Structure formats: C-alpha cells, structure tokens
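2 protein chains.
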Amino acid sequence: MKLSAQEEYGLRCLIHMARLQEGESLSIPEISKAEGLSIPNVAKLMRLLRLGGIVTSVRGQAGGYTLAQPAEQISVGSVMDVLGGRFFSPKFCDRHSGLGKVCTHATDCALRVLWTTVQEVLDGVLRKVTLKDLLCGEHDMSRLLEQASSVQIQPLLRAKMHDCVLPPQV
Amino acid sequence: MKLSAQEEYGLRCLIHMARLQEGESLSIPEISKAEGLSIPNVAKLMRLLRLGGIVTSVRGQAGGYTLAQPAEQISVGSVMDVLGGRFFSPKFCDRHSGLGKVCTHATDCALRVLWTTVQEVLDGVLRKVTLKDLLCGEHDMSRLLEQASSVQIQPLLRAKMHDCVLPPQV
DNA sequence: CCTATACATTACAGTAAGGTCTGGTTGGAC
DNA sequence: GTCCAACCAGACCTTACTGTAATGTATAGG
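Just so you know, the protein sequences line up as chains A and B, in that order. Under my numbering, the first residue of the first sequence is numbered 623, with each subsequent residue one higher. Under my numbering, the first residue of the second sequence is numbered 623, with each subsequent residue one higher.
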C-alpha cells in the first residue's frame, strides 16, 4: 500500500503539461530536462498515459505531447488508475484466496467492507483534485484539500450493503 | 498504491487470533489450516508481526501466538504499517528525486501536500478500526465505517502548513 | 534424558514491477 | 528526395515482492 514511483513521476510530468498554452506541446526531451528524469523513462511514462487516454501525441519533427482534455477536467484519481492501478480491485479477492479455490471468508468478510470503504475514501479525495489544482502552490492546495478530505461516503456504502446477502450471524 | 498480499493475509491471521479467549493461543499449523495458507507462509507473516510488536510468541511444545494487546486496542492502521509500510513516508521525496540530487519541486510541491493529506485520510479511517471491529459481520462493519470515514483532518493540515516556509508566488 | 511438537532463522526460486536500451516508423524542414 | 528530430514498440536488465525450503532452537511430557 505504498505510493509508487510511476504514480509520482507520471503526475509530475503531467503538471508541466498542464501549464501549456493552447496549441503548445512538450517533447520527451523537454519533459526529461524539466523533471530530471531519463529520456527512456519519460517515454515509457508518456506511452502509458497515452494508452490510458490522458494525453495525446503528435509524431514528427514538430511533434510532442498535449493533454487530451483541459487540465481542470483531468482528475488525479483517473491518472492514478492508469499509472498504478486501483487500491482494491474486484479481482483482489479472487487472486488471494490462499491455497483453496475460494477464500475462507467468502460469504461474510469484514475486511472486504473495510477495503471497499478505503477505496471510496481515496476516490473521494483524488477525484476532486484536478491537474489544474496542482499548479498552485502548497498553500492554495491545502485549502482545496480541506474540502475534498471531508468526504461523505455513507450513501455509497449503504447502496453497497444492500447488494450483500448476509448469512445469519453465529 | 495497491493493497498487498501480505497486508491481506496478515490481517486475516490476526482476525483468528482476536477470537481467542484469555490464556488461549494459536499455533502456526492451526492458523494455516484455518486460513488455507501454507505453513511456511504463515510462519513468515507471524514472524513479521512479532517483530512489529503486534503479537507475542511462546516456543516449545505447548507454544503458539497471542496478541500482544487486547484486540480492541490494536488498530488496523498499526498492523498495516508493520505488514506493508506507509503510503507516503517522509523518505519518499528523498528516494524519488529523479536523476538530480534534489527534486525539482523541492521548495514548493503541491503533490507533497496531496500525498500527505491522503496519508492523513487513510490514518483517519484505519486507526479508528480495531481488530475487534473486524470480528463482526459485514453489516455491523459498515455502521462503524460510516463514522470513521467522515474524518476531519483540517486541524492536522493547518499545523503542517505552518511549518512550511513558502517562497513568494510568481 | 529423550522425543515430539512448535517457533526461529536464513537462504533460495518464481514472479512482477520499474527502468533501460535498441531498432523501427512517422512526418516536417530544407 | 533527403535528412533529422521525435515518437513507437518490444526486448532486456535490475530490483523488489511473494512464497518455499531446510535447518536450528526451545519447551513440555513421558
């Protein structure tokens, strides 16, 4: 449950692109120089982001990368999904059932509810912060986060609970 | 930023131990059987938890593991720290400065504020949930999480901001 | 004592992720 | 048409994570 290098570096590259004016673009060497990352590494990150639909590229001598949408419409959450996957995906329980085919707690799992909630809380914060928000300084950033961090996820959880058919408690 | 197998499996083992009565203990083979994990893997997980101070062990024929504290005093957050490390540790920026010695954004980094906030939000949820809470069913769990997920972290953030000496905005 | 049981420790193999390197393709400039 | 900058793609290497194996050590019971 650690922040990964790809997530950090990829977002840093995007921050530079969010500063561009209409019609401008950035090449891989330019991003590399600005961020202090190797050219091959930037190329890989930008490819990932292109495949994820976050940026678009133009080839050729005057080519480069631009954001696929305006900076204020790209959330940090959507970028994180592309760069590092989700904290708790639906496939997680299938892939971690231990030696048996199904998890011991398959029918009634308090952990699963916990992880789902954590995922919702994360989404609540990360989907409210856009690339444009990251352009301001630390100080302005903190103001935005005060709002985003007090997420109300009760309705989401309730809906989820209704889908669960619970066995009788022993 | 994914939930790791160690975090999931380790917590599952602890859930079984939280069900023990005073004076009882669980051996590695017992945990292994209950969770459907291999004996060596359980041994590795329990060793980690012992080194982290979460459980205590007794050797010998009548040995086994017990929780180091009552289940209601062990938070999921403290267990996660032992099993998978923290989401955003202070060392992160040092280790991900790119090719240069210091990060390009060292002086004023909106990302750093974002990650710090995410860490606070995670702690807000995970430190409020204890092993004892995980013993109940999914339904009861969701009630607890409704409270824990509406965290107020503003005071924490404000304090953090005061420590930052910000350069003048351009 | 001696033995069976159970934890402790170290080393190792398989797998996935992060980064690098190389050759290929595209497209504008001259 | 030729050249070159820049993107594109895949293979490759290094590192960390995950799970396994084997050996050592401590305690209870006969």
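By construction, the Cβ of each residue, glycine as well, lies at the ideal position given by its N, Cα and C atoms. These numbers were taken from a predicted model, which means no experiment stands behind them.
Beta-carbon spacing of residue i, residue j below 8 Å
i             : j             : result
residue 625/B : residue 721/A : no
residue 702/B : residue 630/B : no
residue 664/A : residue 653/A : yes
residue 699/A : residue 749/A : yes
residue 649/A : residue 686/A : yes
residue 747/B : residue 747/A : no
residue 623/B : residue 668/A : no
residue 743/B : residue 766/B : no
Coil, strand or helix - residue i by DSSP
i             : result
residue 697/B : strand
residue 642/A : coil
residue 658/B : coil
residue 667/B : helix
residue 632/A : helix
residue 677/A : strand
residue 726/A : coil
residue 686/B : strand
residue 648/A : strand
residue 786/B : Reliability fails at residue 786/B, whose pLDDT of 38 lies under 50, so the model's placement of it is uncertain and the value that follows must be treated cautiously. Note: residue 786/B maps to coil in three-state DSSP.
residue 637/B : helix
Contact with chain B by residue i, beta-carbon distance below 8 Å
i             : result
residue 713/A : no
residue 640/A : no
residue 636/A : no
residue 677/A : no
residue 704/A : no
residue 784/A : Bear in mind that the predicted position of residue 784/A carries a pLDDT of just 40, short of 50, making it unreliable; the figure below should be weighed with that in mind. Chain B contact via Cβ: absent.
residue 682/A : no
residue 699/A : no
residue 674/A : no
residue 753/A : no
Closest residue to residue i among the options (Cα-Cα distance)
i             : options                    : result
residue 671/A : 655/A, 689/A, 644/A        : 689/A
residue 738/A : 763/B, 740/B, 678/B        : 763/B
residue 733/B : 734/A, 680/A, 754/A, 713/A : 754/A
residue 715/A : 694/A, 699/A, 735/A        : 735/A
residue 637/B : 669/B, 768/B, 697/B, 623/B : 697/B
residue 694/A : 641/A, 627/A, 635/A, 743/A : 641/A
residue 633/B : 657/B, 711/B, 651/B, 741/B : 657/B
residue 706/A : 709/B, 705/B, 704/B        : 709/B
residue 627/B : 644/B, 643/B, 666/B, 646/B : 666/B
residue 679/B : 646/B, 758/B, 711/B, 661/B : 646/B
residue 731/B : 691/A, 757/A, 662/A        : 757/A
residue 651/B : 682/B, 662/B, 768/B        : 662/B
residue 655/A : 768/B, 745/B, 725/B        : 725/B
residue 644/A : 712/A, 692/A, 717/A        : 692/A
Any C-beta of chain A under 8 Å from that of residue i
i             : result
residue 732/B : yes
residue 685/B : no
residue 793/B : Nothing can be reported for residue 793/B: it is not among the residues displayed for chain B, which extend from 623 to 792.
residue 736/B : yes
residue 689/B : no
Exercise. Please list the residues of the segment 642–671 of chain B that have a C-beta atom closer than 8 Å to any C-beta atom in chain A, keeping them in chain order.
Key: 656, 657, 658, 659, 660
Exercise. Could you run through the segment 623–635 of chain B and flag, in chain order, every residue whose CB is less than 8 Å away from some CB of chain A?
Key: 623, 624, 625, 626, 627, 629, 630, 631, 633, 634
Self-check item: Where the segment 740–751 of chain B meets chain A: residues whose CB sits under 8 Å from a CB there
Solution: 740, 742, 743, 744, 747, 748, 751
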